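Trainee: Be aware that the sequence shown starts at 10, since it is given in my numbering, and climbs by one per residue.
Idealized CB from N, CA, C, for every residue including glycine.
Remember, it's a predicted structure, so these values are computed and weren't measured experimentally.
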Amino acid sequence: MASIAQRTALSSASASRCSPVQGVAPRSAACSPSAALRCPATATGRTVRDVSAAAVRRSPVIAPDVRVGRGDEEAYVDLRTYLLRQRIVFLSGYVNDKIATQVVGSLLALAEVDDKTDIKLYINCNGGQPYSIFGVLDTIKSIKPDVQTYALGACYSYASMILASGAKGKRHAMKNTRIMMSQPMGGSAGDMYAVEKTVQELNAIYQMVARYYMEYTGMDQDQVEKNTCRDNFMTPEEAQISGLVDHVLGGEDDLYVPHSVQRKFANAGLLDNLSSGLL
């Protein structure tokens with residue numbers, strides 16, 4: 010067993026390893042291996058500078074500023090504010106309650122500022138929660154200004170309803186946009202009564218989706234059921250035929266038609282075999 014003198018010597022040696030170095034104030038906690046990062050001095054005698062207090066937290070994505078005005082009235086505003094001044098709203102990503110609330114708030118604010126000028130809604134969205142989507146649709150119907158819808162990138166599932174909800178004649182799709190209609194999806198676990206309640210709710214959501222599609226596109230119920238059976242992917246031209254959009258934006262050379270779609274058009278007599286374009 011170590012004597013009291015030996016234990017005292019070991020304690021003194023441990024304390025000397027954590028002694029102040031180059032004017033750094035000593036820490037009250039001992040320098041154990043687990044606390045090496047917090048120790049102002051390493052075992053080699055090198056000084057470790059604590060910069061945690063001086064760190065500046067910044068967003069990884071920095072929104073650019075846009076210059077507005079001239080001369081004495083020149084000012085800089087962030088990109089989102091500038092787009093809102095131009096009455097442009099973006100809907101992107103999976104639509105949940107948070108994103109739906111932001112879009113609804115933007116639509117209501119722009120309608121309050123000017124109830125006559127159109128609002129442009131750009132959609133690059135892969136769907137979302139059904140009742141969040143219904144909230145956006147109800148807001149578009151309730152405000153006075155016309156809402157122009159523009160699809161770009163992907164417009165999937167319930168987002169295609171928002172695309173179709175724009176003012177008639179003001180619904181657009183970019184040339185290479187992919188648009189998809191689908192039916193509600195969900196799952197349940199538990200006893201037969203819990204599963205039955207879930208199935209009833211899914212059926213109610215589907216009835217609401219079908220009514221929106223019929224109202225916006227002019228399709229009847231049989232056509233809606235056919236187009237929403239599984240995932241139904243469409244080109245902008247097919248979406249235009251289905252009544253989801255009114256105009257396809259872009260030049261004729263900007264479009265690449267998949268071979269499966271070309272076969273479908275050829276069977277319908279819409280493909281000109283003597284040239285590379287559609288009739």
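Where does R272 land, buried or exposed, given buried means 16+ other C-beta within 10 angstroms?
Mentor: Answer is exposed; the Cβ neighbour count stays below 16.
Trainee: Once DSSP output is grouped into helix, strand and coil, what is the label at N276?
Mentor: helix
Trainee: Using the rule of at least 16 other Cβ atoms within 10 Å of the residue's Cβ for burial, across every protein chain shown, is C134 buried or exposed?
Mentor: buried
Trainee: Determine, using beta carbons only, whether I132 and T90 come nearer to each other than 8 Å.
Mentor: With contacts defined by Cβ atoms closer than 8 Å, I132 and T90 do not form a contacting pair.
Trainee: Is there contact between the region 199-209 and the region 180-190, where contact requires at least three CB pairs shorter than 8 Å?
Mentor: no
Trainee: Where do the ends of the alpha helix (DSSP H) carrying L92 lie?
Mentor: Per DSSP, L92 belongs to the alpha helix (DSSP H) from L88 to R94.
Trainee: Bridge partners of S141, per DSSP?
Mentor: Paired residue(s): none; S141 is not in a bridge.
Trainee: Using DSSP's beta-bridge definition, name the partner residues of C164.
Mentor: C134 and I188
Trainee: Measure from the alpha carbon of Q249 to the alpha carbon of each residue in G175, H181, A168 and E121, then state which is nearest.
Mentor: It is H181 whose Cα lies nearest to the Cα of Q249.
Trainee: Excluding the 5 residues preceding and the 5 following N165 in the sequence, name in chain order all residues of the same chain whose CB lies nearer than 6 Å to its CB.
Mentor: In the sequence under discussion, the amino acid at residue 165 is Tyr, which differs from the Asn named in the question. Same-chain partners within the cutoff: N135, G136 and M189.
Trainee: What residue range is occupied by the uninterrupted alpha helix (DSSP H) comprising R220?
Mentor: It spans M201 to T226 - the alpha helix (DSSP H) in which R220 sits, taken as one unbroken run.
Trainee: So which of Q138, I97, H256 and T237 has the shortest CA-CA distance to L88?
Mentor: Among Q138, I97, H256 and T237, the Cα nearest to that of L88 belongs to I97.
Trainee: Nearest to R220 by CA position, among S174, G196 and Y202, is which residue?
Mentor: S174
Trainee: Looking only at its own chain, which residues have a Cβ that is under 8 Å from the Cβ of D127, when we skip the five neighbours before and after it?
Mentor: Closer than 8 Å at the Cβ level, and outside the excluded window around D127, lie R96, P154, D155, V156, Q157, A176 and K179.
Trainee: With 16 as the cutoff for other CB atoms within 10 Å, does S141 come out buried or exposed?
Mentor: buried
Trainee: Measuring only the C-alpha atoms, how far is A277 from Q216?
Mentor: Looking at the two C-alpha atoms, the distance is approximately 30 Å.
Trainee: Rounded to the nearest angstrom, what separates C238 and Q232 at their Cα positions?
Mentor: 10 Å
Trainee: Pull up the distance between the alpha-carbon of G252 and that of S151, whole angstroms please.
Mentor: 22 Å
Trainee: Give me the DSSP bridge partner(s) of Y85.
Mentor: Paired residues: R76.
Trainee: Quick one, are the C-beta atoms of A168 and G144 less than 8 Å apart?
Mentor: no
Trainee: To which residues of the same chain is F242 closer than 7 Å at the C-beta, ignoring the five residues directly before and after it?
Mentor: Closer than 7 Å at the Cβ level, and outside the excluded window around F242, lie R187 and M189.
Trainee: Does DSSP put A248 in a helix, a strand or coil?
Mentor: helix
Trainee: On a CA-only basis, which of K129, P193 and T226 is nearest I214? Give me that one, please.
Mentor: P193
Trainee: Identify whether V122 lies in helix, strand or coil by the three-state DSSP scheme.
Mentor: Under the three-state reduction of DSSP, V122 is assigned to helix.
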